[in-house]
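Protein chains in written order, with full-length UniProt numbering: chain Y, 1 to 485; chain C, 1 to 485; chain S, 1 to 485; chain D, 1 to 485.
We put the beta carbon where it would ideally sit given N, CA and C, even for glycine.
Note that the coordinates shown come from a computational prediction; the quantities given were computed from them, not determined experimentally.
For reference, the structure is listed below as structure tokens.
There are 4 protein chains.
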Amino acid sequence: MPVKSGKQYIERINSQSVPCWYKGELVTGKRSEHLAFKGLMETQAQLYDMQSDPLLAGKMTYESPVDGKPVGLSFLPPTTVDDLRKRRGAMSVWSNAHHGFLGRSPDYMNTAIMSFYTAADLLNELSPQYAENLRNYYAFCRDNDITLSHAFIQPHASKISGQMDATEDAIAAKVVERTEDGLIITGAFMMATQGATCDEILVYPSPSPAPFDDENPFAFAFAIPNDLPGITLVCRDTYASESRFNFPLSSRYEEMDNLVIFDHVLVPHDRIFFAGNEEMSSRLFSGSNFHIHAGHQVLCRYIAKTEFILGTLQLLTDTLDLASEAHVVEKTARVLAGLESLKSLAIAAEAGAIPDGRGFILPAPQPLMAANILYPKLYPEMIEIIQLMASSGMIMVPQEEEFKTDAATHLDIYLRGTDMTAQQRTSLFRLIWELGAGSFGGRQTQFERFFFGNSITVSNRLYSTYSGVDTYRQLVSHFLANTHR
Amino acid sequence: MPVKSGKQYIERINSQSVPCWYKGELVTGKRSEHLAFKGLMETQAQLYDMQSDPLLAGKMTYESPVDGKPVGLSFLPPTTVDDLRKRRGAMSVWSNAHHGFLGRSPDYMNTAIMSFYTAADLLNELSPQYAENLRNYYAFCRDNDITLSHAFIQPHASKISGQMDATEDAIAAKVVERTEDGLIITGAFMMATQGATCDEILVYPSPSPAPFDDENPFAFAFAIPNDLPGITLVCRDTYASESRFNFPLSSRYEEMDNLVIFDHVLVPHDRIFFAGNEEMSSRLFSGSNFHIHAGHQVLCRYIAKTEFILGTLQLLTDTLDLASEAHVVEKTARVLAGLESLKSLAIAAEAGAIPDGRGFILPAPQPLMAANILYPKLYPEMIEIIQLMASSGMIMVPQEEEFKTDAATHLDIYLRGTDMTAQQRTSLFRLIWELGAGSFGGRQTQFERFFFGNSITVSNRLYSTYSGVDTYRQLVSHFLANTHR
Amino acid sequence: MPVKSGKQYIERINSQSVPCWYKGELVTGKRSEHLAFKGLMETQAQLYDMQSDPLLAGKMTYESPVDGKPVGLSFLPPTTVDDLRKRRGAMSVWSNAHHGFLGRSPDYMNTAIMSFYTAADLLNELSPQYAENLRNYYAFCRDNDITLSHAFIQPHASKISGQMDATEDAIAAKVVERTEDGLIITGAFMMATQGATCDEILVYPSPSPAPFDDENPFAFAFAIPNDLPGITLVCRDTYASESRFNFPLSSRYEEMDNLVIFDHVLVPHDRIFFAGNEEMSSRLFSGSNFHIHAGHQVLCRYIAKTEFILGTLQLLTDTLDLASEAHVVEKTARVLAGLESLKSLAIAAEAGAIPDGRGFILPAPQPLMAANILYPKLYPEMIEIIQLMASSGMIMVPQEEEFKTDAATHLDIYLRGTDMTAQQRTSLFRLIWELGAGSFGGRQTQFERFFFGNSITVSNRLYSTYSGVDTYRQLVSHFLANTHR
Amino acid sequence: MPVKSGKQYIERINSQSVPCWYKGELVTGKRSEHLAFKGLMETQAQLYDMQSDPLLAGKMTYESPVDGKPVGLSFLPPTTVDDLRKRRGAMSVWSNAHHGFLGRSPDYMNTAIMSFYTAADLLNELSPQYAENLRNYYAFCRDNDITLSHAFIQPHASKISGQMDATEDAIAAKVVERTEDGLIITGAFMMATQGATCDEILVYPSPSPAPFDDENPFAFAFAIPNDLPGITLVCRDTYASESRFNFPLSSRYEEMDNLVIFDHVLVPHDRIFFAGNEEMSSRLFSGSNFHIHAGHQVLCRYIAKTEFILGTLQLLTDTLDLASEAHVVEKTARVLAGLESLKSLAIAAEAGAIPDGRGFILPAPQPLMAANILYPKLYPEMIEIIQLMASSGMIMVPQEEEFKTDAATHLDIYLRGTDMTAQQRTSLFRLIWELGAGSFGGRQTQFERFFFGNSITVSNRLYSTYSGVDTYRQLVSHFLANTHR
């Protein structure tokens with residue numbers, strides 16, 4: 001089966017049966033009709049449909065090596081710079097469609113599983129079966145256009161001192177039993193985004209501080225359907241609302257986050273990529289160049305989102321007649337300079353692509369890592385710019401229903417903007433409110449800040465690529481050595 | 001009638017009949033039972049009850065000059081430094097009760113009307129009747145513990161060029177007719193906070209750019225019951241929810257903002273403080289020292305809010321075991337230094353009090369204006385600190401209902417914190433989410449940023465108090481003049 | 001005559017006779033032996049010699065269209081993307097040689113005169129002779145490897161109100177007489193950097209606010225030898241010192257700034273590029289794409305300078321054993337992310353080159369303008385990082401002479417660093433002191449901040465390139481228009 | 001002998017004979033005539049003379065308990081709030097005289113030795129003799145108006161790993177021998193400011209990481225004349241110049257920093273305050289409340305310096321006609337808000353004074369520690385404001401000698417400012433250049449940033465005073481506990 005349609009995407013999810021708690025109640029009925037999932041599923045269905053759209057298919061797909069049927073380009077393991085450009089083309093089509101607000105649009109996890117696939121050889125060392133499992137799983141995802149979620153952050157409780165000491169009592173996710181059929185896993189993961197609206201979950205815990213031994217119960221990676229027995233999902237409250245006018249962003253892009261609980265879940269052997277080896281956990285991760293391949297996808301998203309915010313700023317400037325204010329010029333130019341930087345980093349990442357040593361090609365890591373350092377600062381800064389420009393006007397914004405009341409004739413007069421009707425202006429300010437003060441925007445800001453880890457982690461990633469580079473040190477040493485003529 | 005009880009406060013509001021639109025429907029039934037007003041009214045009723053609480057009454061009231069009955073201390077026109085201290089005492093009791101989250105706790109507008117009262121003499125110039133109206137109105141508010149709202153920001157549309165040119169078509173609020181019974185007013189005001197839960201509204205538009213003439217239809221100030229014929233209120237969507245666990249802040253402190261529409265409202269002559277004179281609009285405002293008296297109240301609120309955020313940070317630090325991290329020490333110390341500054345500015349404002357030239361005393365303006373410059377930066381900075389410390393953990397926070405489901409036993413294990421049960425920790429993170437990512441917090445940040453105007457306006461207020469001060473210029477000129485020995 | 005040698009460069013300057021005041025005395029004798037000019041001239045001579053270095057000549061020169069002799073690549077008017085790359089190659093060789101500390105290395109003004117040349121056609125409108133003059137002058141500079149300075153900022157006094165009103169009394173530079181031999185010019189220019197160590201000065205005042213008329217005496221551009229009768233130069237104090245150990249930067253890179261006074265200077269007709277037409281002043285400037293061509297050169301300089309600072313930071317980190325401190329990782333990563341951005345912007349500027357409509361090619365303006373917005377913030381931030389990391393250690397730094405005293409044995413022990421001798425470490429800290437606290441560094445910071453104008457001016461440049469771009473506005477308008485399903 | 005005169009101050013220093021290396025040469029001759037010390041000594045002499053000035057003596061001195069003769073108020077151990085006010089009065093007179101630019105004006109070390117004196121009792125535990133030594137030394141300083149320097153920072157080399165391991169080889173300052181006459185000390189200290197222009201040096205190394213034992217050779221504190229045999233001073237290069245016009249700040253306020261080398265210096269027993277006990281090193285330091293008493297002095301300095309910078313900004317605004325620019329209003333208001341905060345913190349520190357438990361009174365620690373957190377950020381921010389406002393105009397500033405040349409008539413025209421002659425304006429810009437770009441200003445910025453330690457250290461000081469405070473934690477815990485009605 002090749003790329004799936006939006007309809008297929010929805011049907012598969014609706015047919016799942018995992019227990020999923022929302023505000024004290026089990027989600028029953030079709031997920032695609034539940035407020036917490038509806039808008040996102042509609043948006044995502046549109047994304048999937050684009051892959052079969054005759055006008056876009058050429059840009060969005062390639063032929064599966066298995067049967068030649070069209071599969072999503074974000075699954076393509078790049079071997080040439082042109083592959084990287086094609087991948088960016090496809091990923092940008094999606095990013096432009098969701099304006100960068102989906103952190104987990106399908107290309108993200110497609111890229112993730114592709115990146116692990118490129119490093120499958122590493123697993124041979126532990127067992128050729130593991131390598132085979134990973135390759136098969138990648139092909140399965142690609143050829144069935146599987147929608148994946150990702151579970152990796154463990155609850156803070158798993159780190160509370162004392163609780164790590166005894167393996168028995170450890171809260172961290174672990175193998176509690178090994179059976180003929182597979183491993184029995186117990187534990188929990190915070191923040192599996194779209195956990196309730198995916199087909200499968202990739203589980204790959206961050207390395208544990210547990211003692212290093214051959215049968216380390218905390219070290220593993222696997223992927224399974226998200227509705228195996230023993231799995232329970234818990235939702236946070238949704239930020240979504242029905243009305244697209246009132247909640248233009250959350251009504252389309254609200255991605256539910258889930259706490260995923262594993263209570264003696266049996267993971268079949270053929271779905272295990274490795275187990276018991278702490279060192280492999282790190283090696284596979286870094287060997288897959290996950291942050292680099294994914295960083296390429298993320299940069300497409302950054303660019304689309306920045307463009308959307310730029311357009312919002314421009315409309316706000318227009319309707320408030322601010323174009324000639326010096327501080328508005330400076331603030332907007334800050335956004336423009338950010339946008340130019342992001343676009344340039346993407347060009348440079350492709351222009352500087354390097355072989356990964358296993359037959360694939362890698363975008364230049366450093367421009368991508370630089371983007372991961374810049375954007376967690378740029379995004380909140382852009383939101384602050386919107387807040388400063390919109391000032392208190394972004395708070396007292398009525399809802400669309402008000403325009404159908406007796407007060408409407410007044411609103412039509414008092415709420416109009418320069419070159420905008422009152423409804424248009426209100427619609428713009430609903431958007432600005434969602435970005436700059438609403439709950440959806442609050443999560444987006446937090447999400448961008450911590451997307452690839454906290455500031456130290458992200459800094460370290462770039463820093464370490466320079467740690468072996470002596471060019472600049474030597475340049476200054478040489479300069480200083482010449483201080484005597 | 002002396003200070004009112006919480007019950008009286010609620011009854012008065014419930015008995016009002018102004019058309020108030022919420023999400024396309026007229027609010028009917030008791031406001032105190034409507035989700036959009038309920039929590040706030042309950043909180044505010046508690047504040048009013050404190051004035052009659054035997055343990056607090058002495059600190060919260062003084063004797064009305066009319067009949068010796070206890071009236072609220074925030075109505076007291078200060079004539080001594082001790083009066084300032086008493087005022088601060090009473091205002092702090094309230095601020096500590098609502099932790100600074102109510103921008104319009106009763107003392108704010110009580111102080112406002114008191115400040116205008118201290119400048120009533122200025123109105124004699126136009127007409128002794130105006131001065132008398134203002135004095136009477138102040139006494140009426142004080143002796144009946146009137147809950148006031150404030151309407152002053154006009155819609156942006158009133159400034160769109162072209163529309164100001166002809167008085168006839170002007171969108172800005174204006175006198176459209178003068179009758180024997182009073183003035184007929186048409187126009188609209190954004191952001192009358194608590195407009196739907198007050199007794200009366202003080203209307204005092206910001207000075208208009210209209211031509212200066214004796215019968216300027218845009219210049220006036222008056223106060224009226226908020227349910228006179230011709231008045232319509234429009235609400236934004238509420239951020240409040242029922243559950244105190246899930247929404248600890250908005251369930252108590254959500255103050256609805258209203259668009260207030262005047263459509264040919266008759267304002268009786270005895271409620272008009274001046275009309276037709278643009279210059280008086282500015283003179284009464286600055287002569288009343290509104291920003292200084294109100295700044296004193298606001299500073300009490302800043303301090304209480306900062307203490308609450310500090311406590312939140314400390315609990316977060318405890319439960320995440322972060323006390324020994326250098327960046328946490330630095331961030332917390334930033335909050336502490338801010339808190340110490342605010343407290344010191346309050347002490348200095350009272351220590352440096354000056355006569356206002358009309359028999360009253362004024363806290364030193366400059367420390368208060370400094371606080372109004374510092375807090376709009378400090379508050380967002382503190383919220384950012386919370387966001388940076390809580391990281392992604394503040395997003396995936398379940399609701400209280402989840403603790404009553406089958407998943408509860410898992411949550412009890414996986415969501416616990418250091419020295420906190422899972423429910424306690426979740427409760428803390430709900431608070432942090434509301435402060436740092438939810439809609440309620442989004443409005444708070446925006447509100448603090450623009451409370452007394454934008455950055456330029458607030459800066460100008462302090463700057464202008466120094467513009468006549470040559471001390472420092474001369475000190476440097478003198479220093480430079482000594483550059484030849 | 002083709003590219004000149006360092007020796008020729010020095011001889012030409014030494015043979016000049018313009019009155020030049022330094023600390024109350026006329027500079028007499030060879031400029032190359034005067035402390036204020038010596039280090040710079042030595043450095044600059046090395047740059048000129050590189051053009052004839054057999055190993056570098058191919059990368060630094062091209063054949064003059066006049067006689068096929070090698071002339072400097074920075075004079076090349078680019079017509080292909082490859083030309084842009086070649087230009088960057090040559091400019092980077094020089095930038096790497098002076099590590100970006102020379103704001104006026106020869107390629108800067110070479111590029112400037114080249115850019116004006118590309119727009120010479122515009123002058124035909126006023127007079128074919130002007131166009132011819134400009135073309136001839138460009139060829140003269142190219143074929144004689146002329147060292148140019150640039151005078152354009154007028155004294156603040158020229159703007160003091162009242163003094164602009166009457167042309168007669170105006171302080172701004174102006175034509176005071178027109179004679180058969182040329183124009184007689186009187187006025188002054190601040191900040192002609194390297195004014196005392198150039199062959200010629202290009203004079204092109206910023207547009208004046210003077211009334212627009214055909215014989216506007218304030219509008220002109222010309223180039224002349226810097227020692228015509230009537231010219232006087234005034235120096236600021238030098239920051240340079242003899243010792244390369246003690247003052248590693250200023251002993252090499254201190255570029256003297258000059259106030260250039262014109263007192264009835266006769267500018268010959270064939271050196272005038274236009275005169276009397278205010279509008280042409282703006283049109284030639286923007287038509288020449290000066291900021292874009294020069295921006296390309298400047299970006300080479302930014303990159304070299306950032307690399308030098310990075311190396312300095314790395315050595316500092318090494319010698320203070322700070323590599324494992326989280327804040328050092330974050331700070332260094334900030335520099336790395338900046339460096340990656342600058343490099344990417346250069347790649348993108350070339351990848352996106354566009355025709356200029358007159359047969360030449362232009363690097364993409366927007367990445368270059370973005371760099372001009374980013375660097376004035378990045379540079380001071382990098383210096384602050386150095387200050388924060390070096391802390392008080394960068395203050396108490398002895399001089400090289402101390403290592404020859406009786407105290408030397410003590411210094412050898414007490415001043416050593418990790419993997420560095422006391423002399424090496426001291427040498428590094430002298431560099432850090434010059435960058436972060438000395439006068440040379442103080443000027444560099446100020447220079448980078450204001451290189452292409454203040455923040456508003458530089459922001460406006462990028463902002464205006466987007467002002468006609470509706471793509472993003474429409475994208476958001478379209479998004480909002482879809483808010484009703 | 002009571003307070004000394006400026007003349008006595010100079011004579012004492014001129015009579016000293018310690019080997020002091022400056023740029024490879026021993027300083028011989030009178031220090032008061034050497035460029036590196038001259039301006040500072042002249043300024044400091046003026047400060048000392050103020051104590052005997054009949055108009056100021058009452059404000060600057062109190063009666064010595066020994067003989068009733070007038071001694072400096074900064075030596076007064078405060079026992080009442082009024083004492084604190086008197087101390088501030090005297091310290092402010094000096095701060096206003098040197099505009100806060102002297103980090104080591106005499107009151108700083110006078111206060112330091114006073115603070116150690118208040119904790120002398122602690123030393124009884126080790127030996128009553130130590131306590132007696134400290135009390136005697138304090139009285140000696142007070143009654144002889146001793147000018148003290150302070151040595152406490154050890155070279156970085158003392159921390160390089162490996163070198164700490166063996167006591168024998170340790171680079172850190174240590175007791176190398178104990179004799180009948182005293183202790184023999186070897187080691188070095190960085191940054192003894194004014195080390196070459198003091199009478200005595202207080203040596204009190206920061207606690208060493210050495211093993212804790214009773215005869216710890218690294219733990220001690222003592223005070224000695226700065227010219228005992230075995231002491232050598234090494235200077236950095238001076239930033240001072242002769243001309244007050246050209247270098248208005250450094251010609252008066254340049255305080256030389258010294259590296260102080262101890263090579264087998266014999267410290268007499270009666271000058272030792274403790275030795276051999278690492279724990280006492282910390283206890284005496286914190287018990288003396290050094291940072292609090294000194295913080296009170298430092299705050300006087302902060303206020304005077306901020307006022308001077310404010311005046312400079314005002315003059316700059318005037319001469320550049322910038323008063324109406326919004327960004328100038330905002331920037332200046334930032335300085336004003338800082339100044340108001342500092343003044344308020346001083347008022348609050350005194351208003352909240354507390355007993356120290358040993359019969360003395362202590363200014364409230366927290367406002368002072370808050371000031372120590374705020375100023376290291378405020379000062380560089382103010383300097384940046386000056387840089388941003390003065391822009392490139394602060395670079396091309398001629399020297400006073402230029403006004404005596406043939407170019408003077410031109411300068412008089414071209415360099416004048418609004419309401420300023422060219423000389424006055426140039427004089428102002430020399431000051432601005434020294435503050436914002438010169439070496440003197442570079443040291444000042446670094447000095448203020450690290451005055452009381454780096455950001456973590458200073459933050460920790462305030463943080464730790466709150467660590468036992470549960471008020472705010474409990475307030476929020478209580479709030480959360482009420483989330484169920």
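query                                                                                                                                  : result
Neighbourhood of arginine 358/Y by C-beta, 8 Å cutoff - its chain only, sequence neighbours within 5 removed                           : Thr118, Ala119 and Asp121
Euclidean distance between Cα positions of glutamate 63/D and lysine 69/D                                                              : 5 Å
Short Cβ contact (8 Å threshold) for leucine 345/D with alanine 304/D                                                                  : no
Segments of 4+ residues assigned as alpha helix (DSSP H) that fall wholly inside the region 149–191 of chain Y                         : none
Distance CB(arginine 301/D)-CB(serine 95/D) smaller than 8 Å                                                                           : yes
Contact with chain D by aspartate 263/S, beta-carbon distance below 8 Å                                                                : yes
Residue-level contact to chain Y via CB, glutamate 307/S, 8 Å cutoff                                                                   : yes
Where alanine 221/C sits in the DSSP three-state scheme                                                                                : strand
Cutoff 8 Å: serine 149/D Cβ touching any chain S Cβ                                                                                    : no
Rounded separation between alanine 333/D and serine 459/C - CA only                                                                    : 5 Å
Beta-carbon contacts of isoleucine 413/D that lie in its chain and below 8 Å, excluding the five residues immediately before and after : Ala422
Straight-line gap, threonine 232/S to tryptophan 21/S (C-alpha atoms, nearest Å)                                                       : 8 Å
Alpha-carbon to alpha-carbon, glutamate 434/D and leucine 322/D                                                                        : 21 Å
Chain-ordered neighbours of proline 248/S on chain Y, where CB pairs are closer than 9 Å                                               : Phe479, Leu480, Asn482 and Thr483
Cβ shell of histidine 291/Y (< 7 Å), same chain only, five flanking positions each side left out                                       : Phe452 and Arg461
From Tyr130/Y, Thr43/Y and Gly230/Y, residue whose alpha carbon lies closest to that of leucine 284/Y                                  : Tyr130/Y
Any C-beta of chain C under 8 Å from that of arginine 87/D                                                                             : no
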